[in-house]
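Following: one structure in structure tokens, then a few remarks.
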Amino acid sequence: MPRAIISPSVLASDFGHLNAECKRMIKNGAEWLHMDVMDGHFVPNITMGAPILSCVSKGVPGIFMDCHMMVAHPERWVNDIADAGGSLYCFHLEATSEPLLLIDAIHERNMKAGVAISPDTPSTAITDEVADAADMLLVMTVYPGRGGQRFLDRCVPKVSELRARFPHKDIEVDGGVGPKTIGPCADAGSNVIVAGTAIFGAEKPEEVIALLKSTVET
Ligand code: DX5
Ligand code: ZN
2 MPRAIISPSV LASDFGHLNA ECKRMIKNGA EWLHMDVMDG HFVPNITMGA PILSCVSKGV
62 PGIFMDCHMM VAHPERWVND IADAGGSLYC FHLEATSEPL LLIDAIHERN MKAGVAISPD
122 TPSTAITDEV ADAADMLLVM TVYPGRGGQR FLDRCVPKVS ELRARFPHKD IEVDGGVGPK
182 TIGPCADAGS NVIVAGTAIF GAEKPEEVIA LLKSTVET
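Residue numbers (the working numbering): 2 to 219.
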């Protein structure tokens, strides 16, 4: 299995001090930062877009921005997010009919490409061709749209199914993940772990990050 990567979701951070919050998490052992982009169409909420990501990439040199694009028409934002310093562009399979073209466009802008599936989308919706072209697969363990929701156990089998099909691919889980729910995620074979509330809400985030990482590694 690929190595463990912890990607704290800044959605649970203090947006008024976003750069400082990102730096704090890197200091605490985070390798990636998960940036939840919501457009008010694909999901009801609006969070942040390229202008804010651009401030973060300038203010936090070397940051790896794991951009989770909860947007309709994901092809529209590839250039803006690349210009803003995005490192990985993860779009929702439900939002496009041309995933392969989109993956090519993302790679052309030198970003890694991720493909996300919402709770009601089966793992089989990700074809071998799409998975082979993508760098990462994201299995949502809550309905996309907001942080702090309850982890949906019923999504975990999809992680196992994808890990069985793609032993070497990065597989990310996102939504309600923390010390209480990391066990099944790790057992199922996810190696990229997103956690918002569980990390930013902790008194000692470094301990939560270390625990999530060691659970995946063992
Ligand atoms: C939900 C977002 C998640 C969310 C995770 O739509 O994609 O990244 O911020 O937050 P927690 O860990 O609090 O569920
Ligand atoms: Zn997310």
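A virtual CB, placed ideally from N, CA and C, is assigned to each residue, including glycine.
| query | result |
| --- | --- |
| Straight-line Cα distance separating Val174 from Gly184 | 12 Å |
| Extent of the continuous alpha helix (DSSP H) run through Gly60 | Ala51 to Gly60 |
| CA-to-CA distance, His108 to Gln150, given in whole angstroms | 32 Å |
| Short CB-CB distance (under 8 Å) between Val157 and chain B | Absent here is chain B; the protein component of the structure consists of one chain. |
| Per-residue burial, Phe152 [other beta carbons within 10 Å of its own, 16 or more giving buried] | buried |
| Range of the contiguous alpha helix (DSSP H) that encloses His108 | Pro100 to Glu109 |
| His18 - DSSP class collapsed to helix/strand/coil | helix |
| Per-residue DSSP class, three states only, for Ser88 | coil |
| Secondary structure of Pro10, DSSP reduced to three states | Correcting the residue identity first, residue 10 is Ser in this sequence and not Pro. DSSP places Ser10 in strand when its eight states are reduced to three. |
| Contacts around Ile200, its chain only, beta-carbon distance under 6 Å, and the 5 residues preceding and following it disregarded | Pro9, Pro206 and Val209 |
| Continuous beta strand (DSSP E) stretch holding Lys113: start and end | Lys113 to Ile118 |
| Outcome for Pro60 when other beta-carbon atoms lying within 10 angstroms are tallied against a minimum of 16 | It should be noted that the sequence gives Gly, not Pro, for residue 60. With fewer than 16 Cβ atoms within 10 Å of its Cβ, Gly60 is classed as exposed. |
| Presumed contact (8 Å Cβ cut-off) between Pro75 and Leu103, rounded CB distance | 6 Å |
| Which of helix, strand or coil DSSP assigns to Leu212 | helix |
| Closer than 6 Å: residues whose CB approaches a heavy atom of the ligand ZN | Ser10, His35, Asp37, His69, Asp175 and Val195 |
| Check whether Gly115 and Asp136 have beta carbons under 8 Å apart | yes |
| The alpha helix (DSSP H) enclosing Ile183, as first and last residue numbers | Ile183 to Ala189 |
| Euclidean distance between Cα positions of Glu187 and Leu12 | Position check: residue 187 holds Ala in this sequence, whereas Glu was assumed. About 23 Å. |
| Proximity test, Arg155 beta-carbon vs the ligand DX5 heavy atom, cut-off 7 Å | no |
| Pair within 8 Å by beta-carbon distance, Arg110 and Val140 | no |
| Helix, strand or coil at Met2 [DSSP, three-state] | coil |
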